[in-house]
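Chains as they are written, first to last, in my numbering: chain D, 13 to 193; chain R, 32 to 243. The structure appears below as C-alpha cells.
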Amino acid sequence: MSSSEERLRDLLVRGLAGDGTAYHMFLKELSAHLRAFFRRRLSNLSDEVEDLVQESLLAIHNQRHTYDATQPLTAWAHAIARYKMVDLLRRRGVREALQVPLDEESELLAETDSDAGNARHDVMALLAQLPERQRLPIQHVKLEGLSVLEAARLTGMSESAIKVGVHRGLKALAATIRNKR
Amino acid sequence: MKTDDLITMLAKGPAPTAQPGTKRFALALGWGMFGATLLMALLLGVRADLAGALAMPMFWAKLSFPAAAALAALQLARRLARPGLRPGTAPLVLAALLLSSWAGAATTLLAAAPDARAALIFGDTWRTCPFNIALLSLPVFIAMFWAIKGLAPTRPALAGSSAGLTAGAAGAAVYALHCPEMAAPFLGIWYVLGIALPALAGALLGPMALRW
C-alpha cells in the first residue's frame, strides 16, 4: 500500500467524521492527483481537464457515502475518476471511449499536478441557475459559512430543508455541469 | 470558479451525515418481495395442493434454490453499486447453485426411462413458466434499480444485471408457490431461463437507467 493511499484515506476518514480541515486537505491533494491523471490521458482534450477535475471532485463529494472504510481509497476514487472520464469521452463522441485501457488503480496516485488550469464552465454561474430552495442553502452554508441554524433563520426555511437543499443542490450542480458538455 | 474555491466550498459547512446503503437494499428486497407475492396471489393464484406440497423435499428445493440465488445476487448488487468494489465471492455461489441444479436435472434424466424424459423436461407449463417468473420479478427489479441509483455504480451494465438477477431469482422463489411442476429438469431449464430474462434486461437497461 502506498503512502499516499494511507495518507489520503486517513484524511477522508477524519473528514467523514466531521473534521473539516482534514476533508479540505483530502480534496485538495486528491485534486492534484486527478489533474495529473486526466492530463496524461486526455492529451487531445486538454482544455477539458480542469472541468473534469471539478466534476470529479463534485462527484466524489456527492458520493462520499458510498465509500466503504474497509476498501482501499485508491480503488474507490479511481473508479469514480475513470467513470467520469469515460462518460466525457462518450459525450464527446470519441470512438476510443469504449477502449479506455483498464489501467492499474494505483495509477491514480502516481503523479500530482497542482497547476490548475482554467475551467471552461463557471460553477458560480451554474449555481445561479439552480432554484432558490437549493441555491440559497448552498450560498449561505457552503459559500458564506453560516451554520444550518443561521441559514434557516435568514431564509425562513426549516433546518432540514437547508440540509436537503445543500445536498440536492450539489447533486443538481453536478448534473448541470455534466449536461453542459 | 477556480478549483481551489470549489474545494473550499465543498469542505465548508456541517459534517456530512453518513447514510449507509444497507437499509436501502433491505427495503428494496422487502417491498419488492411483497409486491411479487401480491402479484402472484392476484394474477396466478397459490397452487391448490400447497398443503400437500409442503411435505415434499422437491418443493423446498424449488423454493430454497432461487431464494439462495436471490440473496447471493443481492450481495453482488450491493457491491457493484459502489465505486471500486470487486464482485467478491457471490458469483462463485451463484455458479455453484446453477451447477448443482443442473447436476440434479441430469441425474433425474439419466435415471428416467427414455420415453419419460420429455415429460420431465417440458412438464405442462414450459411455455408460460419463464414469462411468469419474469413478470413476478418486476417489483423487485424496480426496487433494486431504485436502491442502486442512490449509490454510484461505475459499472452500470454489471450492476443492472445483478439487480435483474436478484429480481429474477426472487420472482422464481415466489412463482414456486404457484407452479405445480416438480421435476428437476424442468426447473433447471425453465426456471433458469425465467431468471436469466430479467438479468439480461437489467444489463441492457443499466447503462441508461443507472447513469449518474
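For each residue, glycine too, the CB sits at the ideal point set by N, CA and C. Since we're looking at a predicted model, the values are computed, not measured.
**OP:** For the region 109 to 196 of chain R, list the beta strand (DSSP E) runs that are entirely contained and at least 3 residues long, ordered along the chain.
**Re:** none
Within this structure, are the beta carbons of phenylalanine 50/D and leucine 64/D separated by less than 7 Å? yes
_Does the structure place the region 152 to 165 of chain D close enough to the region 59 to 75 of chain D that three or more beta carbon pairs sit under 8 Å?_
no
task: Determine whether the Cβ of isoleucine 179/R lies closer than 7 Å to any Cβ atom of chain D.
output: no
Counting Cβ pairs, one atom from each stretch, are 3 or more of them under 8 Å apart for the region 79 to 94 of chain R and the region 180 to 197 of chain R? no
**Prompt:** With a Cβ-Cβ cutoff of 7 Å, do alanine 207/R and leucine 94/R count as a contact?
**Reply:** yes
Problem - Integer-rounded CB distance, given that threonine 34/R should sit under 8 Å from serine 68/D - result: Not a contact, Cβ separation roughly 10 Å.
So, does the CB of proline 229/R fall closer than 7 Å to a CB anywhere in chain D?
no
### For glutamine 198/D, the three-state DSSP class (helix, strand or coil)
With chain D represented from 13 up to 193, any question about residue 198/D goes unanswered, as that position is not in the structure.
inquiry  = DSSP three-state label for proline 88/R, please.
reply    = helix
message = Check whether the region 194 to 204 of chain R and the region 88 to 107 of chain R are in contact - that is, three or more C-beta pairs closer than 8 Å.
response = yes
| request: Return helix, strand or coil for threonine 82/D, following the three-state DSSP convention. | output: coil
- Member of Leu100/D, Arg94/D and Val176/D whose CA lies at the smallest distance from the CA of glutamate 60/D: Leu100/D
(message) Whole angstroms are fine: how far does the CA of isoleucine 189/D sit from the CA of histidine 133/D?
(response) 7 Å
Practice problem: Taking C-beta pairs closer than 8 Å, name the residues in chain R that leucine 69/D reaches, listed in chain order. | Solution: Thr34, Leu37, Ile38 and Leu41
* Where does threonine 78/D land, buried or exposed, given buried means 16+ other C-beta within 10 angstroms? -> buried
Per-residue contacts from alanine 140/D into chain R (C-beta, under 8 Å): Those within 8 Å of alanine 140/D in chain R number zero; the least Cβ separation is about 11 Å.
- Task: Please list, in chain order, all residues of the same chain as leucine 139/D whose beta carbon is under 7 Å from its beta carbon, the five residues on each side excluded.
- Result: Arg147, Ile150 and Leu185
Margin query: Counting only C-beta atoms, is proline 88/R closer than 7 Å to chain D at any point?
Written below: no
| task | Output yes or no for whether 7 Å exceeds the beta carbon distance between alanine 194/R and phenylalanine 217/R. | result | no
Between the Cα of valine 106/D and those of Glu18/D, Val25/D, Leu57/D and Val176/D, spot the shortest distance and give me the residue it belongs to. Leu57/D
message = My assumption, with CB atoms under 8 Å, is that glycine 233/R sits in contact with glycine 191/R. Please give the rounded CB distance.
response = 4 Å
Exercise. Do you know offhand how far leucine 166/D's Cα is from glutamate 62/D's?
Worked result: 34 Å
Give the single residue among Asp36/R, Leu37/R and Phe172/R whose Cα lies nearest to the Cα of leucine 105/R.
-> Phe172/R
Inset, instruction - Starting from the Cα of arginine 55/R, find the closest Cα among Cys210/R, Leu151/R, Leu41/R and Ala174/R and give me that residue. - result: Ala174/R
Query raised in the report: How about valine 61/D: is its C-beta nearer than 7 Å to some C-beta of chain R?
Result: no
Q) Cβ of glycine 32/D less than 7 Å from any chain R Cβ? A) yes
- Query: What are the uninterrupted segments assigned as alpha helix (DSSP H) that are 4 or more residues long and contained completely in the region 45 to 102 of chain D, given in chain order?
  - Reply: 61 to 74
key: Classification of threonine 86/D by the beta-carbon crowding that lies within 10 angstroms, buried from 16 upward   = buried
### Query
In three-state DSSP terms, what is leucine 39/D?
helix
* To do: Could you check the C-alpha separation between methionine 37/D and alanine 137/D for me, to the nearest Å?
  => 25 Å
From alanine 112/R to leucine 241/R, what distance separates their C-alpha atoms? 10 Å
Q) Is the Cβ of leucine 236/R closer than 7 Å to any Cβ of chain D? A) no
Handout entry: leucine 58/R versus arginine 148/R: straight-line alpha-carbon distance, rounded
Key = 42 Å
From Arg110/R, Trp133/R, Leu231/R and Leu123/R, residue whose alpha carbon lies closest to that of serine 168/R:
Leu231/R
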